[in-house]
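See below for the structure under consideration.
Number of protein chains: 2
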Amino acid sequence: MASSDDILKLLKVQYPIIQAPMVGVSTPELAAAVSNAGALGSIGLGASSVQQAQNMIQETRSLTDKPFNVNLFCHRPAVADPIREAAWLAYLSPFFAEFDVKPPASISESYRSFVADENMLEMLLHERPAVVSFHFGLPPVEWISSLRKAGIVILACATSLKEAGMIEAASVDAVIAQGIEAGGHRGVFDAKEDQQIGTFALVQLIARSSHLPVIAAGGIMNGQGIEAAMKLGAAAVQLGTAFILCPESAANTQFRAALQSERAYHTQISSVISGRPARGMINRLFTDIDSTGAPALPDYPITYDATKALHAAASNKGNFDFAVQWAGQGAPLARALPASKLIQTLVAEWHAEGG
Amino acid sequence: MASSDDILKLLKVQYPIIQAPMVGVSTPELAAAVSNAGALGSIGLGASSVQQAQNMIQETRSLTDKPFNVNLFCHRPAVADPIREAAWLAYLSPFFAEFDVKPPASISESYRSFVADENMLEMLLHERPAVVSFHFGLPPVEWISSLRKAGIVILACATSLKEAGMIEAASVDAVIAQGIEAGGHRGVFDAKEDQQIGTFALVQLIARSSHLPVIAAGGIMNGQGIEAAMKLGAAAVQLGTAFILCPESAANTQFRAALQSERAYHTQISSVISGRPARGMINRLFTDIDSTGAPALPDYPITYDATKALHAAASNKGNFDFAVQWAGQGAPLARALPASKLIQTLVAEWHAEGG
Chain U
-15 MASSDDILKL
-5 LKVQYPIIQA
5 PMVGVSTPEL
15 AAAVSNAGAL
25 GSIGLGASSV
35 QQAQNMIQET
45 RSLTDKPFNV
55 NLFCHRPAVA
65 DPIREAAWLA
75 YLSPFFAEFD
85 VKPPASISES
95 YRSFVADENM
105 LEMLLHERPA
115 VVSFHFGLPP
125 VEWISSLRKA
135 GIVILACATS
145 LKEAGMIEAA
155 SVDAVIAQGI
165 EAGGHRGVFD
175 AKEDQQIGTF
185 ALVQLIARSS
195 HLPVIAAGGI
205 MNGQGIEAAM
215 KLGAAAVQLG
225 TAFILCPESA
235 ANTQFRAALQ
245 SERAYHTQIS
255 SVISGRPARG
265 MINRLFTDID
275 STGAPALPDY
285 PITYDATKAL
295 HAAASNKGNF
305 DFAVQWAGQG
315 APLARALPAS
325 KLIQTLVAEW
335 HAEGG
Chain S
-15 MASSDDILKL
-5 LKVQYPIIQA
5 PMVGVSTPEL
15 AAAVSNAGAL
25 GSIGLGASSV
35 QQAQNMIQET
45 RSLTDKPFNV
55 NLFCHRPAVA
65 DPIREAAWLA
75 YLSPFFAEFD
85 VKPPASISES
95 YRSFVADENM
105 LEMLLHERPA
115 VVSFHFGLPP
125 VEWISSLRKA
135 GIVILACATS
145 LKEAGMIEAA
155 SVDAVIAQGI
165 EAGGHRGVFD
175 AKEDQQIGTF
185 ALVQLIARSS
195 HLPVIAAGGI
205 MNGQGIEAAM
215 KLGAAAVQLG
225 TAFILCPESA
235 ANTQFRAALQ
245 SERAYHTQIS
255 SVISGRPARG
265 MINRLFTDID
275 STGAPALPDY
285 PITYDATKAL
295 HAAASNKGNF
305 DFAVQWAGQG
315 APLARALPAS
325 KLIQTLVAEW
335 HAEGG
């Protein structure tokens, strides 16, 4: 168990607060605003090409000279299965038909796992962002070693003690303990092994067993939550849903409205949206697509390709019932504040709690 | 949101710590030891006849003159369905066969819901325990009113904001916010509506929306956890798994050994054991009986009757793979201490955290 001071030195930040990388929601503007305010901003590169990823890093760098974090997805690379994919599209076709559209003829892996993308590694070694974090697993240990030798601090996400142990064994610098409350994709390495541990239990268990500093994630929305996480043994915290309503995020009007409505009180985990378990606000993706009668899912992220096509068909007709709106169980506590003001507020609330 | 001082006055205790009622594990000795140490001990009467319940209250009272809590189950009364029950027993028959036993010819509701047991109400009004708590729902509002008029403090368990609202509307004195981490039966009123909210999110959400004092439950195992729960808005805490290893509990040798083994790291929620979702240490009940091929479950607690028969058959042959061993996600943090020493330790740890 490491202290908050250690992690401030490690991350070279003023406050032990990380804005979670959220592909589709986080932006260079959001990350830079958070970093400029003394916390650690993040951008999500998991669904980007190498060129897009490099552009985002450079854009963020043009907006801040402070450290920021770039996040990569380390899932097992998707294995195409035309029969399974065709069955999935056939299953979705009645939903497409509601919008007078046929499903796409095929779906595919629209972005690659970092573990299968050596060019992405080369780009990172060239750009040298201050911090790199991993989700869904770990890259080869030699890659972690190269990144660390380049002076990059490495974080990785664990949803269980087993994953935290693998992360520590891989010489990562700090472990993100992601509880079941968290919005978006669960970081679980193998989705079949998901233990669904709540933040309250997970942070304590990992802090006790790991020598790494623990970054708590899941349900943290304010300074009271930050201090609670610290009491459970965290050295820092990562907040995602708390930043969605910032003007600097890429969340669209419908997403913002949903998050400020009654819908924020109802989130659920489903794998049918992307092929991996993720938590979002309940809409027809959860109530209609996720059904006991559904066929076997295509691999992540091939499934996602179909969902995005369905949402495009629906939204073209003004229907947003199939929008991907990831959010955590603390969603009703999200506040619409500029990122710098949100960081100031979090810190003030935290200090008021004795933090 | 109420302060801890208010709840100390309400419960007439020295410390805002409640030992959870755990049918089969809690005992008059445990409850009395906890109450004598300045916290609130509990006995679980949910599976008892009126006479057994009265005996337990009197036994507890003979061991302490301090307030203690008695817990009742308020589930929708079971509806017998001989066809469904026969199908369930047929499904279980290969497991019984492993121990050269046939399943029971029939299963039934071996204990009644409090809401259908007016004699239990009369007994409570006669005995007047200091505190009565409800799980799985609420009794008729007139019953709550009679109990309160008799000077009894009323608590009830919520797993969602909706249930917390119903509890407040029923003039209950305080709400127990039970997060997904908690061991044993989820208090959810209607199991089909389980939102599976983590302690970290649930305590904050209920504390913000309810006028009642919030008692946090789920994953709390030590003083650090107590202070974290208080930071999230709790006025008090309820710990169950933390008390299983106390010498005063009724947990048997196998249960204690399991809780102190690697098995404590793996808990899961299943409905197949009793007919309602409950969290316990994973054994063959979870891995073998809970299967996608299982037929429709008999009503709670009729299903439980079959599980208990199966465990009896297995344990008669020295096999404990079908034992009911409820525990929460914080199970690895349980300590084998006498109840009074555990309370002292919890309080000392909590004070060290600034509580």
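Just so you know, the sequences run in chain order U and S.
So in the numbering used here, spot 71 of the first sequence is number 55, and the numbers just go up one at a time.
So in the numbering used here, spot 73 of the second sequence is number 57, and the numbers just go up one at a time.
Yeah, the Cβ is synthetic: ideal placement off N, Cα and C, and Gly gets one too.
The structure presented is a predicted model; accordingly, all values stated were derived computationally and were not measured.
{"Query": "Neighbour list for leucine 216 of chain U in chain S, Cβ cutoff strictly below 8 Å", "Result": "Gln208, Gly209, Ala212"}
{"Query": "Burial state of isoleucine 273 of chain U, where buried means 16 or more other Cβ atoms lie within 10 Å", "Result": "buried"}
{"Query": "Bridge partners - isoleucine 138 of chain U, DSSP secondary structure assignment", "Result": "U:Val116"}
{"Query": "Three-state class that DSSP yields for serine 77 of chain S in the structure shown", "Result": "helix"}
{"Query": "N- and C-terminal bounds of the alpha helix (DSSP H) containing threonine 329 of chain U", "Result": "323 to 336"}
{"Query": "Cβ neighbours of tryptophan 334 of chain U in the same chain (closer than 7 Å, five flanking residues each side left out)", "Result": "Gly207, Ile210, Glu211"}
{"Query": "7 Å Cβ cut-off: residues of chain S touching glycine 314 of chain U", "Result": "Ala185, Gln188"}
{"Query": "Proximity to glycine 168 of chain S [Cα-Cα], best of S:Arg192, S:Cys141, S:Ala154", "Result": "S:Cys141"}
{"Query": "Bridge partner(s) assigned by DSSP for isoleucine 2 of chain U", "Result": "U:Leu24, U:Gln222"}
{"Query": "CB of alanine 248 of chain U within 8 Å of CB of alanine 315 of chain U, strictly", "Result": "yes"}
{"Query": "Exposure of glutamate 177 of chain U, with buried meaning 16 or more beta-carbon neighbours within 10 Å", "Result": "exposed"}
{"Query": "CB contact flag (proline 285 of chain S, alanine 100 of chain S, <8 Å)", "Result": "no"}
{"Query": "Under 8 Å between C-beta atoms of leucine 186 of chain U and glycine 203 of chain U", "Result": "no"}
{"Query": "CB contact check: glutamate 111 of chain S to chain U, cutoff 8 Å", "Result": "no"}
{"Query": "Glutamine 313 of chain U to threonine 276 of chain S span [Cα, whole Å]", "Result": "27 Å"}
{"Query": "Whole-angstrom distance between serine 97 of chain U and leucine 105 of chain U, CA atom to CA atom", "Result": "11 Å"}
{"Query": "Sufficient close CB pairs (3 or more, under 8 Å) joining the stretch 45 to 58 of chain U to the stretch 256 to 264 of chain U", "Result": "no"}
{"Query": "Segments of 3+ residues assigned as beta strand (DSSP E) that fall wholly inside the stretch 44 to 75 of chain S", "Result": "52 to 57"}
{"Query": "Cβ-based contacts, 8 Å cut-off: residues of the stretch 157 to 174 of chain U near chain S", "Result": "Gly163, Ile164, Glu165"}
{"Query": "Runs of beta strand (DSSP E) lying entirely within the stretch 217 to 265 of chain U, each at least 3 residues, in chain order", "Result": "220 to 223, 251 to 254, 262 to 265"}
{"Query": "8 Å Cβ cut-off: residues of chain S touching leucine 317 of chain U", "Result": "Gln188, Leu189, Arg192"}
{"Query": "Chain U residues whose Cβ lies nearer than 8 Å to that of glycine 182 of chain S", "Result": "Gly163, Ile164, Glu165, Gly182, Thr183, Phe184, Gly202, Gly203, Gln313"}
{"Query": "Check whether leucine 24 of chain S and isoleucine 2 of chain S have beta carbons under 8 Å apart", "Result": "yes"}
{"Query": "Cβ-based contacts, 7 Å cut-off: residues of the stretch 125 to 150 of chain S near chain U", "Result": "Leu145"}
{"Query": "Environment of glutamate 165 of chain S [buried if 16+ CB atoms lie within 10 Å]", "Result": "buried"}
{"Query": "Test item: CB-CB of glycine 217 of chain S and valine 198 of chain S under 8 Å", "Result": "yes"}
{"Query": "Whole-Å CB distance - valine 358 of chain U paired with phenylalanine 52 of chain U, under 8 Å assumed", "Result": "Lying before the first or after the last residue shown, residue 358 of chain U is absent from chain U, which here runs from -15 to 339."}
{"Query": "Assigned secondary structure, valine -3 of chain S (DSSP; H/G/I helix, E/B strand, else coil)", "Result": "coil"}
{"Query": "Expected contact under 8 Å - CB spacing of alanine 4 of chain U and glutamate 232 of chain U to nearest Å", "Result": "Not really, about 14 Å apart at Cβ, beyond 8 Å."}
{"Query": "Rounded C-alpha distance that separates glutamine -2 of chain S from alanine 148 of chain S", "Result": "26 Å"}
{"Query": "Alpha carbon of methionine -15 of chain U to alpha carbon of proline 88 of chain U, nearest angstrom", "Result": "Caution is warranted here: a pLDDT of 46 is assigned to methionine -15 of chain U, below 50, making its placement in the model unreliable, and no coordinate value can be reported."}
{"Query": "Selection from S:Thr11, S:Gln309, S:Gly22 that minimises the alpha carbon distance to isoleucine 327 of chain S", "Result": "S:Gly22"}
{"Query": "Own chain residues within Cβ distance below 8 Å of threonine 251 of chain S, not counting five before or after", "Result": "Gly167, Arg263, Gly264, Met265, Ile266, Ala311, Gly312, Gln313, Ala315"}
{"Query": "Beta-carbon proximity check, arginine 319 of chain U vs leucine 229 of chain U, cutoff 8 Å", "Result": "yes"}
{"Query": "DSSP three-state assignment for alanine 307 of chain S, whether helix, strand or coil", "Result": "coil"}
{"Query": "Below-8 Å beta-carbon distance, methionine -15 of chain S vs any chain U residue", "Result": "For methionine -15 of chain S, the predicted structure reports a pLDDT of 47, less than 50, and the residue's modelled location is therefore unreliable. The matter cannot be settled from this model."}
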